[in-house]
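*Asks:* Sharing a structure, written as structure tokens. Questions coming.
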Amino acid sequence: MSSESLSPRQGGLLDPLIQSEAWQRFSHTGFYRFIVFPIGQIIVFIVAATVFLTALAYLVALLIPEPRPNIVLSDQISRQLPGMVISGISIGFVYAMVALGYTLVYGVLKFINFAHSEIFMFGSVIGFAFMNFLSSAGVLADWNPVVLVIATILISGIASGLLAVLIERVAYKPLRNAPRLVPLITAIGISFILQDVVRALASITINDFNLTYPTRNIAFFQNPIPVVIGTNEVRVRMTSIIIVIAAVIMLLALNYFVNGTKAGRGIRAISMDQATSGLMGIPVNLMISLTFFIGGAFGGAAGALFGLNVGNVTPYIGFIPGLKAFTAAVLGGIGNITGALLGGLLIGMIEAFLNGLLPYFPAIGIRYTDIITFGILIAVLIFRPSGLLGERVDEKV
Amino acid sequence: MATVSAMTPAKTGFREILSRPAVGLAVAILYVVVAVLFVFMLDRRSLWYPLASLVIAPIFLLSPLVVASLSMPRIARIVLLVVMFAVVMPVVGISNPPYLELAVQISIFAGLALGLNIVVGFAGLLDLGYVAFFAVGAYLWGMATSPSETIFTENAWTVSYWASNPDLSPLAAGFVAFVQSGAFFFVMFIGIAAAGLVGVLLGLPVLRLRGDYLAIVTLGFGEVIRIFARNLDSPINFTNGAQGLRNIAAPPLPGFYISFTESIASVLGLRVDNPAVLAKQLLFYTIGLVLLFVIILVCFRLKDSVIGRAWTAIREDEIAAIAMGVPLVRMKLLAFASGAAFAGAIGVLYAAKQTFIDPQSFILLQSITILAMVIVGGMGNVKGVVLGAMIITLVELHTLPNLSLQLNALRNAGQLNIPTQLDPAKYQPLVFGFVLVLMMLFRPAGLLPEKSRRLELMERNEDDELPKEEPISDAVLVDGSVPQE
Amino acid sequence: MLLKVNNLVKSFGGIRAVRDVTIGISEGSISSIIGPNGAGKTTFFNLLTGIYKPDQGSIDFNGRSLIGLRPDQVNKAGIARTFQSIRLFGNMTVLENIMVGTHSRLHISLPHTLLRTRRFKEQERLVQEKASMLLKFAGLSGKGDELSKNLPYGDQRRIEIARALASDPKLILLDEPTAGMNPQESAEAMSLFRKIRDELGITVVLIEHDMRVVMGISEHIDVLDYGQKIAEGTPEEIRANPRVVEAYLGRRAMGGGANNDSAA
Amino acid sequence: MKLNKVVGLLSSAALATALSVSLVAAQDGDNVIRIASQTPLSGPQSVLGVSMSNAVRLAIDELSQPLVDMGYTVEYVPFDDQATPEVGVSNAQQIVADPSILAVVGHLNSGVAIPSSEVYNENDLVMISPANTNPAITDRGYATVNRVCGRDDLQGPTGANYAAELGITSAYVLHDTTAYGQGVAEYFQDEAERLGITVLGFEGTEEASNFDAIIQPILAQSPELIYFGGIYSQTAAFLAQARAAGYEGLFMGPDGTDSTEFAAIAGDAAVGTLYTTVAGPASIYPNAAAFIESYTEAFGEGPQPFAAQSYDSTAIALQAIQAAIESTGGLPSRADVAAAVRATADYEGLTGTITFDANGDPEIGLYYVIEVVSGDPAEWSNNSIIATLEIPSPLTAAAMAEATPAS
């Protein structure tokens with residue numbers, strides 16, 4: 001979330017405000033840079049995506065008012081809109097957090113960490129293991145739910161971060177000078193290993209690999225919150241709200257870390273020029289490990305949140321969200337942190353709208369959701385070859 | 001195979017001796033003979049059969065590569081290879097059919113890996129959706145011949161419909177006769193063209209993208225083709241969707257294949273219940289081998305030509321290449337199309353061999369496995385890529401299953417006690433993962449790197465010292481040539 | 001005039017890198033484009049060779065417009081170039097590098113390639129011969145089979161030039177070809193440039209900072225500063241031009257002790 | 001070049017192995033009978049595949065005594081087909097090359113079973129499928145291919161029929177895009193529409209865990225019934241999320257639902273779920289109860305869908321081998337075993353009484369509609385049968401239609 005990318009441009013309506021001395025002073029405070037601005041950015045992304053997709057949906061409804069007998073598309077849209085938006089945002093934040101892992105690593109090492117989807121899976125399994133431990137100790141229900149969520153996120157985040165660092169040390173670091181595709185293959189090997197190791201552990205310890213979060217029986221997580229919008233009532237699941245809150249807090253922390261601390265500056269420097277950064281005294285290996293740790297921690301925390309939301313995880317759960325998060329990272333512009341956030345939210349929302357509305361077009365149906373999502377990605381890349389927020393790479397000749 | 005060069009200059013005494021043509025030839029013949037002996041020594045009823053087979057299968061199947069690598073007179077090499085492929089392989093295959101199956105699978109995957117190598121290894125374009133082109137070929141033959149209830153069968157457009165219909169007009173009878181004789185190869189050519197065309201169609205919009213963006217787009221494209229294959233059963237049924245296409249036809253079996261099989265079997269003293277089955281495998285072996293041979297030849301010819309040099313130039317530096325007159329888009333399209341065309345042809349063979357295809361045969365993991373073959377073998381090096389395809393196919397289809405079979409046999413014999421949770425058969429992907437990681441860690445440039453990459457790796461530390469940055473200039477001021485000379 | 005550039009304009013974002021430049025290059029000449037760093041010289045080359053698309057202006061070469069052509073088409077039209085920071089195909093041999101340079105002059109046909117026809121073999125032979133000839137011409141005899149990235153810096157510059165010559169250009173654009181060379185190497189390079197013009201009849205345009213080279217070899221000099229042409233003329237005229245002196249001396253105060261002796 | 005080293009290494013390894021192989025004398029006699037299974041033992045589908053393999057092992061352990069008494073050793077050889085056609089076919093080649101293997105139990109996926117069974121059939125090796133419900137498996141009419149499980153084209157309509165009986169007027173059909181899930185869902189849809197049930201939507205998704213968005217249009221149309229053609233791990237997660245989002249109608253699935261895990265994943269949301277299967281619940285069938293008990297004891301977890309069918313398949317194979325030995329008086333040929341399997345009549349298995357028709361389908365399929373009574377996995381065996389339907393296989397039905405000419 002670099003502050004430059006959305007900085008106010010000249011000639012806008014807000015000029016008088018922006019040019020006022022008070023604003024100038026305010027905009028340089030940490031409070032603005034690390035709290036107000038990023039939250040504003042997230043809100044802008046969400047509102048923009050919602051407005052755009054809703055408008056598009058109604059436009060389709062205008063063109064094809066009754067795609068199926070007795071189905072008035074615009075009625076269905078208004079009925080489903082809140083539900084689609086909420087599910088889009090919550091899964092969008094999950095994608096965004098996983099996409100951050102891809103993008104951070106790509107930023108510093110310029111390679112796609114294909115094992116990241118398994119880090120996500122690992123996080124979801126650790127989250128399960130922790131809760132299952134509490135549950136079998138009989139204390140799960142006694143914990144304050146907020147504390148429980150925070151503890152779960154911390155534990156699965158730290159464990160996944162450490163795992164990511166370990167993988168980097170063992171499988172990527174020795175290959176830093178090898179052709180670029182080589183770490184890709186080790187990453188795939190690591191994915192197989194992680195899947196099977198988790199499966200072996202799960203089947204030895206609890207003899208099963210459908211790992212069901214024990215939170216199912218806790219009212220706080222289970223009972224949906226009814227929200228009445230207009231004439232229809234929407235039930236919002238508590239876990240969706242947890243995802244959004246946790247993700248926003250973590251993103252703020254990441255923004256502060258990257259843009260407000262010395263270590264963050266080191267990582268940014270490495271992503272621009274590794275060799276020079278080394279010469280300038282930045283501990284390159286340490287910073288790369290740190291990047292893997294942060295990326296892994298985000299992926300792992302996202303895994304735990306995802307597990308909490310869907311209730312049931314397996315050693316093979318990482319592939320689909322991983323692929324989508326990777327798509328999100330590319331859509332936003334791989335290597336760009338704000339891009340990962342935007343891409344994740346967009347992919348989540350697009351998917352939610354498609355899954356919500358395509359059933360009214362029986363000839364298409366949700367079986368084509370993935371194709372349409374990829375179509376959008378390809379269209380974006382054709383017009384913006386480096387993704388939505390990626391820098392244009394005019395190679396210096 | 002003239003281009004398969006002799007050994008690099010010898011450095012040690014052993015190598016020096018081995019690099020003498022006569023010694024090389026002798027070693028090669030000895031190797032082949034010993035390998036064949038091993039195969040015939042295998043005792044299926046032994047407790048240790050799986051382990052023995054696990055070791056001997058690669059030794060035997062790698063022997064053509066050994067013959068191709070040792071130094072010997074060219075004529076001897078050709079004769080030896082022909083004997084290997086035309087006599088030794090079929091004889092061993094008839095006595096041990098799983099080895100024949102392995103040979104066919106290896107030829108299929110080696111062909112695929114070589115096709116992908118053109119795109120990734122030669123031209124440096126990362127393609128993660130290569131399996132899509134393979135699917136195009138496979139579905140082409142599948143749709144043409146499967147009796148599954150697709151629009152083609154319903155409208156009597158397919159071979160099976162014609163062939164099973166007794167009342168044929170003379171025209172239709174002629175068509176059937178053509179189909180039964182040459183349709184397979186005809187469709188194979190169409191498969192080449194269709195997959196090549198799909199390659200161009202995909203390439204046109206996306207080839208402007210830089211490396212990793214291209215990777216995700218091709219990955220998406222691979223998924224798109226698979227999803228279409230799965231969904232195009234409604235509203236009009238083209239592909240029979242998730243149910244797949246069954247009973248896909250095989251090419252007609254020439255009579256002498258059966259008699260050849262029978263006579264070999266009688267020479268070996270084997271009881272073969274159904275010689276037509278083995279003969280059909282032999283036919284697929286022949287087609288696969290010929291296809292692979294053609295592909296290898298094409299790879300070498302492309303590589304040592306203007307086109308191959310242009311691809312390497314693009315891989316090394318796109319901007320310099322285009323400034324030197326290499327038309328980027330055209331050459332990249334050509335790479336995409338040639339790689340795709342190979343996959344299309346092999347897809348036709350695959351469908352005929354499997355007799356059944358469904359969308360699950362063309363998942364992302366397949367593309368990644370083929371990519372792994374290219375990289376493990378040595379990107380850009382034709383021989384290396386074939387070796388990579390051999391090893392990965394062998395590991396996946398033979399070594400790992402036999403490893404679990406051995407452990408299972410020991411367990412059945414009461415010599416080993418494993419809890420069912422750790423049943424070895426369940427953990428083949430785990431071992432495969434370790435194999436991939438270790439191979440890459442110990443040979444990052446692949447098993448047989450391309451010559452230039454070998455050099456690159458040896459000198460990677462000096463790489464950074466080459467003066468890349470622009471020299472600090474304003475020479476003017478130092479030597480003072482302005483204002484006076 | 002072999003090359004006639006009129007009112008060329010190119011901006012990047014808000015920065016106008018080349019503003020309204022008009023330059024003419026006459027056939028068979030050796031000329032230089034000079035100017036302080038950031039004056040827009042390399043951008044100008046990139047515009048000529050189609051790597052950047054100009055915003056306005058015209059480029060006429062040998063009687064045809066180059067506007068809208070891709071770099072490979074410009075190469076085919078007869079302009080070859082080298083790069084400021086060497087861009088060789090590092091993992092190809094020297095000979096192969098030069099062979100790539102012939103691409104736009106070759107007949108490329110898939111059937112001929114796959115069938116190894118006589119026509120194909122004949123062409124390959126000619127390409128080989130030409131590459132060997134250029135190898136010798138550029139003073140690289142005996143180094144044809146080395147990987148280009150393994151050669152010393154000066155040789156790499158020569159390979160780039162030989163590679164550019166391989167496309168039989170009418171005009172060759174050399175972007176700081178002697179940068180990083182010591183005086184003796186520069187002198188050798190100068191004689192190579194002269195040979196290119198005298199023996200091969202190719203028009204030469206240099207971007208150069210080394211004034212000894214510029215003054216010693218150029219028949220005509222154009223001076224760019226801040227994207228604009230501020231002067232043109234013979235070396236003598238340029239030396240006497242107060243605007244040029246100002247452009248350079250104006251930078252001296254900020255410039256500091258950078259020098260060109262940082263040979264590899 | 002490294003090739004030399006590799007060659008040297010391999011050769012010496014081979015020599016060593018060959019020597020040790022010849023030293024370790026051949027241990028098997030001629031009286032070893034092996035039964036192979038091919039199921040996915042790794043990857044996401046391995047929950048089912050492993051359970052099937054376990055059931056085969058259990059059946060061999062429990063039921064091979066008659067053969068042992070006749071002087072034979074019975075061994076079990078599990079193969080991992082990785083749910084991948086190439087692997088399945090390659091394994092099939094290995095299986096047919098081992099003459100002591102007389103029967104195969106497998107596969108889980110029709111996409112693997114069809115090409116692999118071509119290999120078995122060419123070599124007269126009998127395959128008994130516990131899980132391939134795709135009609136194409138037996139419609140090819142091979143003498144070696146049999147199945148003990150239901151057929152998609154019978155199971156789907158069974159569900160639809162029962163829904164119509166309940167007076168359901170609208171349904172929403174989902175499937176998991178596999179041959180199994182989509183197949184059974186399509187047959188459900190066709191039959192439901194024929195019976196006058198409005199199908200509000202027919203959708204397939206590969207999504208395995210997050211169904212938030214997919215649920216929205218279902219809620220908006222509020223169907224009386226959701227039919228999900230798929231495996232429990234997906235359908236249970238869907239059901240839990242749908243209930244949390246406010247869905248209150250009925251939920252129905254095919255035999256892929258029949259797992260204690262369904263209750264474990266969905267919890268109380270599972271209560272009231274309907275599913276169709278050929279395997280009766282343990283509470284009513286004492287055999288089934290005994291199977292579940294011994295399975296759980298041996299493997300530490302409950303059997304998954306198709307485990308009972310795998311047990312039956314193995315039992316049929318063992319019985320057929322015994323019959324073939326008795327009629328031939330020695331080790332039977334594969335063709336003998338295949339014929340004996342096909343001749344199986346009135347076999348009392350865990351999943352009903354099985355008599356194969358000429359295509360290898362059970363002549364009469366006994367299909368149950370079962371209701372889940374509790375969200376506690378331990379209570380799974382108490383699920384109650386709420387309808388039983390006897391449906392003849394297509395071949396049998398055709399024969400019956402012929403026997404009673406239309407009046």
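Top to bottom, those sequences are chains V, A, U and Z.
The opening residue of the first sequence carries number 1 in this note's numbering; numbering runs sequentially from there.
The opening residue of the second sequence carries number 1 in this note's numbering; numbering runs sequentially from there.
The opening residue of the third sequence carries number 1 in this note's numbering; numbering runs sequentially from there.
The opening residue of the fourth sequence carries number 1 in this note's numbering; numbering runs sequentially from there.
Glycine included, each C-beta is placed from N, C-alpha and C at the ideal position.
1) Mind pulling the alpha helix (DSSP H) runs of 4 or more residues that sit fully within the region 188 to 255 of chain U?
2) Comparing C-alpha positions only, which one of A:Ile-392, A:Gly-377 and A:Asn-381 sits nearest to Gln-366 of chain A?
3) Using only CA atoms, which one of U:Leu-106, U:Ala-187, U:Leu-95 and U:Ser-148 lies nearest to Met-133 of chain U?
4) How would you list, in chain order, the residues of chain Z whose beta-carbon sits under 7 Å from the beta-carbon of Met-84 of chain V?
5) Which residues bound the alpha helix (DSSP H) around Ser-277 of chain V?
6) Let me know if Ile-103 of chain U comes out buried or exposed under the rule of 16 or more other beta-carbons within 10 Å of its beta-carbon.
7) Residues of chain B with a CB under 9 Å from the CB of Ile-319 of chain A: which are they?
8) With a floor of 4 residues, list each alpha helix (DSSP H) that falls wholly inside the region 91 to 176 of chain U, ordered by position along the chain.
9) Can you name the residues of chain A whose CB is closer than 8 Å to the CB of Arg-367 of chain V?
10) Does DSSP put Glu-293 of chain Z in a helix, in a strand, or in coil?
11) What does a CB cutoff of less than 6 Å around Arg-454 of chain A pick up in its chain, not counting 5 residues either side in sequence?
12) Are there three or more Cβ pairs, one per stretch, closer than 8 Å when the region 61 to 79 of chain Z is compared with the region 152 to 164 of chain Z?
13) Quick one: list the residues of chain A neighbouring Ala-340 of chain V, beta-carbon separation under 7 Å, in chain order.
14) In chain V, what lies closer than 7 Å to Pro-44 of chain Z by C-beta?
15) Using a beta-carbon distance below 8 Å, is Pro-424 of chain A in contact with chain V?
16) Beta-carbon of Ser-203 of chain V versus every beta-carbon of chain A: anything under 8 Å?
17) According to DSSP, simplified to helix, strand and coil, what is Leu-211 of chain V?
18) Pick out whichever of V:Gly-157, V:Leu-305, V:Asn-132 and V:Val-234 has its Cα sitting closest to the Cα of Ile-206 of chain V.
19) For Arg-64 of chain U versus Ala-77 of chain U, is the C-beta spacing smaller than 8 Å?
20) Which bits of chain U does Gly-325 of chain A rub up against, with CB to CB less than 7 Å?
21) In terms of alpha-carbon separation, which member of V:Asn-232, V:Tyr-106 and V:Ile-46 lies closest to Leu-172 of chain V?
22) Taking a cut of 7 Å between CB atoms, which residues from the region 108 to 140 of chain U lie near chain A?
23) Kindly indicate if chain A contains any beta-carbon less than 8 Å away from that of Ala-328 of chain V.
24) Quick one: Cα of Pro-50 of chain A to Cα of Val-376 of chain A, how far?
25) Using a beta-carbon distance cut-off of less than 7 Å, what residues from the region 168 to 190 of chain V approach chain A?
26) Is Ala-17 of chain U helix, strand or coil when you go by DSSP?
27) Taking C-alpha atoms, which residue in U:Thr-178, U:Thr-42, U:Gly-233 and U:Leu-192 lies nearest to Val-136 of chain U?
28) Just to confirm, are Tyr-285 of chain A and Gly-124 of chain A a CB contact at a threshold of 8 Å?
29) How many angstroms separate the CA atom of Val-244 of chain U from the CA atom of Leu-171 of chain U?
30) Less than 8 Å separating the beta-carbons of Leu-416 of chain A and Leu-54 of chain A?
31) Go through its chain and collect everything with a Cβ distance to Met-99 of chain U's Cβ below 6 Å, but skip five positions before and after it.
32) What do you get for Leu-438 of chain A, buried or exposed, if any count of 16 or more other CB atoms within 10 angstroms of its CB means buried?
33) In chain A, what lies closer than 8 Å to Arg-163 of chain U by C-beta?
*Replies:* Taking the geometry as given:
1) 211 to 217, 235 to 240 and 242 to 255
2) Locating residue 366 of chain A in the second sequence gives position 366, where the first residue counts as 1. Nearest of A:Ile-392, A:Gly-377 and A:Asn-381 to Gln-366 of chain A, Cα basis: A:Ile-392.
3) Taking the third sequence and counting its residues from 1, the one referred to as residue 133 of chain U is at position 133. It is U:Leu-95.
4) What you label residue 84 of chain V is simply residue 84 of the first sequence in a count that begins at 1. Under the 7 Å cutoff, chain Z gives Ala-213 and Gln-216.
5) By 1-based counting over the first sequence, the position of residue 277 of chain V is 277. Here the alpha helix (DSSP H) through Ser-277 of chain V covers 274 to 279.
6) For this step, residue 103 of chain U is matched to residue 103 along the third sequence. Per the sequence shown, residue 103 of chain U should be read as His rather than Ile. Answer is buried; the Cβ neighbour count reaches 16.
7) Among the chains of the structure shown, chain B does not appear; the protein chains present are V, A, U and Z.
8) 94 to 101, 110 to 115, 118 to 137 and 153 to 165
9) Stepping through the first sequence from its first residue, residue 367 of chain V is reached at position 367. Correct list: Ile-227, Arg-230 and Asn-231.
10) Reading the fourth sequence from its first residue, position 293 is the one you call residue 293 of chain Z. In this structure, Glu-293 of chain Z counts as helix in the three-state DSSP scheme.
11) For this step, residue 454 of chain A is matched to residue 454 along the second sequence. Note that Arg-454 of chain A scores a pLDDT of 49, beneath 50, so its modelled location is shaky and nothing firm can be said.
12) The region 61 to 79 of chain Z makes no contact with the region 152 to 164 of chain Z, as fewer than three CB pairs between them are under 8 Å.
13) Residue numbering aside, residue 340 of chain V sits at position 340 when the first sequence is read from its first letter. The contacting residues do not exist; Ala-340 of chain V stays about 14 Å from chain A at best.
14) Counting from 1 along the fourth sequence, the entry for residue 44 of chain Z is found at position 44. Within chain V, the residues near Pro-44 of chain Z are Thr-314 and Tyr-316.
15) For this step, residue 424 of chain A is matched to residue 424 along the second sequence. No, Pro-424 of chain A does not count as interfacial toward chain V.
16) What you label residue 203 of chain V is simply residue 203 of the first sequence in a count that begins at 1. Yes, Ser-203 of chain V lies at the interface with chain A (some Cβ there is under 8 Å from its Cβ).
17) The residue labelled residue 211 of chain V in the question sits at position 211 within the first sequence. Strand, per DSSP.
18) Mapped onto the first sequence, residue 206 of chain V falls at position 206. Nearest C-alpha to Ile-206 of chain V: V:Asn-132.
19) Reading the third sequence from its first residue, position 64 is the one you call residue 64 of chain U. Reading the third sequence from its first residue, position 77 is the one you call residue 77 of chain U. Yes, the Cβ-Cβ distance between Arg-64 of chain U and Ala-77 of chain U is below 8 Å.
20) For the purposes of this step, residue 325 of chain A is taken as residue 325 along the second sequence, with counting starting at 1. Correct list: Asp-72, Asn-75, Lys-76, His-103, Ser-104 and Ser-167.
21) As a working note, residue 172 of chain V is residue 172 in the first sequence. For the record, residue 172 of chain V in the displayed sequence is Tyr; it is not Leu. Looking at the Cα atoms, V:Tyr-106 is the closest of the given residues.
22) Ile-108, Thr-113, Leu-114 and Arg-116
23) Within the first sequence, residue 328 of chain V is the residue found at index 328, counting from 1. So, not an interface residue.
24) Here residue 50 of chain A refers to the residue found at position 50 of the second sequence. Here residue 376 of chain A refers to the residue found at position 376 of the second sequence. Cα to Cα, Pro-50 of chain A sits roughly 25 Å from Val-376 of chain A.
25) Cβ contacts with chain A come from Ala-171, Pro-174, Leu-175, Asn-177, Ala-178, Pro-179, Leu-181, Val-182, Ile-185, Thr-186, Ile-188, Gly-189 and Ile-190.
26) To locate residue 17 of chain U, count along the third sequence from 1; it is residue 17. Here Ala-17 of chain U sits in strand by DSSP.
27) Taking the first residue of the third sequence as position 1, residue 136 of chain U is located at position 136. Per the sequence shown, the amino acid found at residue 136 of chain U is Lys instead of Val. For the residues U:Thr-178, U:Thr-42, U:Gly-233 and U:Leu-192, the minimum Cα distance to Lys-136 of chain U belongs to U:Leu-192.
28) Position 285 of the second sequence, counting from 1, holds the residue named residue 285 of chain A. Position 124 of the second sequence, counting from 1, holds the residue named residue 124 of chain A. In this structure, Gly-124 of chain A does not lie closer than 8 Å to Tyr-285 of chain A by Cβ.
29) Translated into the one-based positions of the third sequence, residue 244 of chain U becomes position 244. Translated into the one-based positions of the third sequence, residue 171 of chain U becomes position 171. In a straight line, the C-alpha of Val-244 of chain U is about 26 Å away from that of Leu-171 of chain U.
30) Within the second sequence, numbered from 1, the residue matching residue 416 of chain A stands at position 416. Within the second sequence, numbered from 1, the residue matching residue 54 of chain A stands at position 54. Going by C-beta atoms, Leu-416 of chain A is not nearer than 8 Å to Leu-54 of chain A.
31) Locating residue 99 of chain U in the third sequence gives position 99, where the first residue counts as 1. Result list for Met-99 of chain U: Val-127 and Ala-131, in chain order.
32) As a position in the second sequence, residue 438 of chain A is number 438, starting the count at 1. Exposed is the call here.
33) Numbered from 1 along the third sequence, position 163 holds the residue referred to as residue 163 of chain U. Against chain A, the beta carbon of Arg-163 of chain U has neighbours under 8 Å at Met-324, listed in chain order.
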